[in-house]
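The structure appears right after this line, and notes come after that.
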Amino acid sequence: MSRTIGIIGLPNVGKSTIFNTLTDGHAHSSNYPFCTIEPNIGIVPVPDERLVKLNHLIKPKEVTPAAIKFMDLAGLIKGSSHGEGLGNRFLASARECDALLHVVRCFEDKEITHVEKDLNPGRDIDIINIELCLSDLEMAEKRLEKVSKLAKTGDKDASCEVRVLEDVREALKRGEMIKTKELSLPLLTLKPIIYLANTGEKDLDRSKELIEKINAKVSPGNSVVIKVAGKLENELKRLSKEEGNEFREAWAGEKETPLHRLVQGCYEALNLITFYTIAREKLSAWPLNKGEEMLRAAGKVHSDMQDGFIKAEVINFKEFIETGSYNLAREKGYLKIVGRDYAVQDGDIVYVHFSKRV
Ligand SMILES: Nc1nc2c(ncn2[C@@H]2O[C@H](COP(=O)(O)OP(=O)(O)OP(=O)(O)O)[C@@H](O)[C@H]2O)c(=O)[nH]1
Ligand SMILES: [Mg+2]
Numbered sequence: 002m003s004r005t006i007g008i009i010g011l012p013n014v015g016k017s018t019i020f021n022t023l024t025d026g027h028a029h030s031s032n033y034p035f036c037t038i039e040p041n042i043g044i045v046p047v048p049d050e051r052l053v054k055l056n057h058l059i060k061p062k063e064v065t066p067a068a069i070k071f072m073d074l075a076g077l078i079k080g081s082s083h084g085e086g087l088g089n090r091f092l093a094s095a096r097e098c099d100a101l102l103h104v105v106r107c108f109e110d111k112e113i114t115h116v117e118k119d120l121n122p123g124r125d126i127d128i129i130n131i132e133l134c135l136s137d138l139e140m141a142e143k144r145l146e147k148v149s150k151l152a153k154t155g156d157k158d159a160s161c162e163v164r165v166l167e168d169v170r171e172a173l174k175r176g177e178m179i180k181t182k183e184l185s186l187p188l189l190t191l192k193p194i195i196y197l198a199n200t201g202e203k204d205l206d207r208s209k210e211l212i213e214k215i216n217a218k219v220s221p222g223n224s225v226v227i228k229v230a231g232k233l234e235n236e237l238k239r240l241s242k243e244e245g246n247e248f249r250e251a252w253a254g255e256k257e258t259p260l261h262r263l264v265q266g267c268y269e270a271l272n273l274i275t276f277y278t279i280a281r282e283k284l285s286a287w288p289l290n291k292g293e294e295m296l297r298a299a300g301k302v303h304s305d306m307q308d309g310f311i312k313a314e315v316i317n318f319k320e321f322i323e324t325g326s327y328n329l330a331r332e333k334g335y336l337k338i339v340g341r342d343y344a345v346q347d348g349d350i351v352y353v354h355f356s357k358r359v
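Going by the numbering used here, 104 is the number at position 103 of the sequence shown; the sequence numbering is gapless.
Rendered as structure tokens:
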């Protein structure tokens, strides 16, 4: 199952431009606030060097990389949480996402309208975060009203939820992003956020200065900040992949594509690892939450594997590559037989034994 990343930010900050860079898509992008109305959706394969190496070694008939889904949403403005602009529709789509990619304008261009007039990434972030908080506050209050009634009838679970919701309400009123894991509400402020500085194509020093402003805003350990020169990246698509990579490295000292860096950021923010399966000449990569057990991993591949799980064979990518073949790795004692509770590690190559129920 691919994870969905919702692209949010003020109007005209380059969300659709970034979406097109990431997905090779053709979302409409222009100097016109609220240019995007309906969400654009793009599913892209996750760049994965380990998968490339495994493919070289094993030469399967088919290779299936993990996928990630990007949703390019309408711009948010002050008051969106109360229905200004395209507010409510946008917020409903954002709630469906696993993480939010918050695009912040860091490019100077007198020709492109800034809805808040001047370039100020810190202020822009605050505007969006306040809207997220206000929208969540409305949701939390509605829920609180409902569970409070239940709590009055003596329902213990409802009483606990009331206490959690009251704390959440106070935090949201202070404009804080929520970090409690005890709620099942799809709060926007609970979602991991990746900040993307959409930097200009001209002045690198000025871009650095603006990115510093974003770094100062986000709490360390909580969010990931990456920078992408959106317009420039779209222009690089006209070059060959190699030429584009050379240009990017010479210009910004970056070896990896924006998609590559962003996916790394998303995996970090969502706490994801990758495991691999090789079965019936098919090599596949799968995302999994860090710490999840083998039984869950088996279920991601097929529900039959979960229901009839017996045991799994595991070799880690590093050991597989070191020996160069499954059989040699097995001879060297790298193959482990594990049970359903084994915590799957990043890079594990997994073969599940299961009995088919009839
Ligand atoms: N100079 C410059 N212009 C950019 C950059 N990124 C985007 N633009 C321009 O800014 C305008 C708005 O870009 P979009 O990608 O449509 O912005 P958006 O955030 O999707 O806008 P809405 O959908 O209206 O909310 C377009 O004319 C882009 O070409 C950039 O890095 N540099
Ligand atoms: Mg747009």
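C-beta: ideal position from N, C-alpha, C; glycine also.
query                                                                                                                                    : result
Just the Cα atoms here: how many angstroms apart are residue 292 and residue 341?                                                        : 13 Å
So, is residue 93 buried or exposed, given that buried needs 16 or more other C-beta atoms within 10 angstroms?                          : exposed
Compare the C-alpha of residue 352 against each of 277, 329, 227, 157 and name the closest.                                              : 277
Classify residue 76 as helix, strand or coil using the three-state DSSP reduction.                                                       : coil
Report the rounded CA-to-CA distance for residue 151 versus residue 26, giving the unit in angstroms.                                    : 48 Å
Please report the distance separating the alpha-carbon of residue 203 from that of residue 130.                                          : 29 Å
Given that a residue counts as buried once 16 or more other Cβ atoms are within 10 Å of its Cβ, and exposed if not, what is residue 16?  : buried
Just to confirm, are residue 282 and residue 343 a CB contact at a threshold of 9 Å?                                                     : no
Mind checking which residues open and close the beta strand (DSSP E) that includes residue 277?                                          : 273–280
Could you spell out the range, first to last residue, of the alpha helix (DSSP H) harbouring residue 57?                                 : 50–59
List the endpoints of the continuous alpha helix (DSSP H) containing residue 23.                                                         : 16–24
Roughly how many angstroms lie between the CA atoms of residue 235 and residue 20, to the nearest whole one?                             : 10 Å
Is it a yes or a no for the stretch 135–144 touching the stretch 182–193, going by three-plus beta-carbon pairs under 8 Å?               : yes
Mapping the DSSP letters down to three states, classify residue 115 as helix, strand or coil.                                            : coil
Return helix, strand or coil for residue 217, following the three-state DSSP convention.                                                 : helix
Give the straight-line distance between the Cα atoms of residue 105 and residue 214, rounded to the nearest whole angstrom.              : 11 Å
Hey, would you say the C-beta of residue 231 is under 8 Å away from at least one heavy atom of ligand 2?                                 : no
If you follow the alpha helix (DSSP H) that residue 130 is part of, which residue opens it and which one closes it?                      : 122–153
Kindly indicate which three-state DSSP category residue 94 falls into: helix, strand or coil?                                            : helix
Got a sec? Which residues, its chain only, sit under 8 Å from residue 321 by beta carbon, not counting five neighbours each side?        : 55, 58, 327, 330, 335, 350
Ligand 1 heavy atoms versus the CB of residue 16: any closer than 8 Å?                                                                   : yes
Following a CB-centred definition, is residue 305 positioned closer than 8 Å to any heavy atom of ligand 1?                              : no
Comparing alpha-carbon positions, which option in 66, 112, 14, 210 lies nearest residue 44?                                              : 66
Given the structure, does residue 29 come close to ligand 2, in the sense that its CB is under 8 Å from one of the ligand's heavy atoms? : yes
With distances taken Cα to Cα, identify the nearest neighbour of residue 64 among 231, 285, 164.                                         : 285
Around the C-beta of residue 125, are 16 or more other C-beta atoms found within 10 angstroms, so that it is buried, or is it exposed?   : buried
Report, in whole angstroms, the separation of the C-beta atoms of residue 48 and residue 261, which I expect to be a contact under 8 Å.  : 5 Å
Are the beta-carbon atoms belonging to residue 289 and residue 310 less than 9 Å from one another?                                       : no
Exposed or buried, what is residue 217 when buried is set at 16 or more other beta-carbons lying within 10 Å of its beta-carbon?         : exposed
Tell me the residue span of the beta strand (DSSP E) that contains residue 228.                                                          : 225–229
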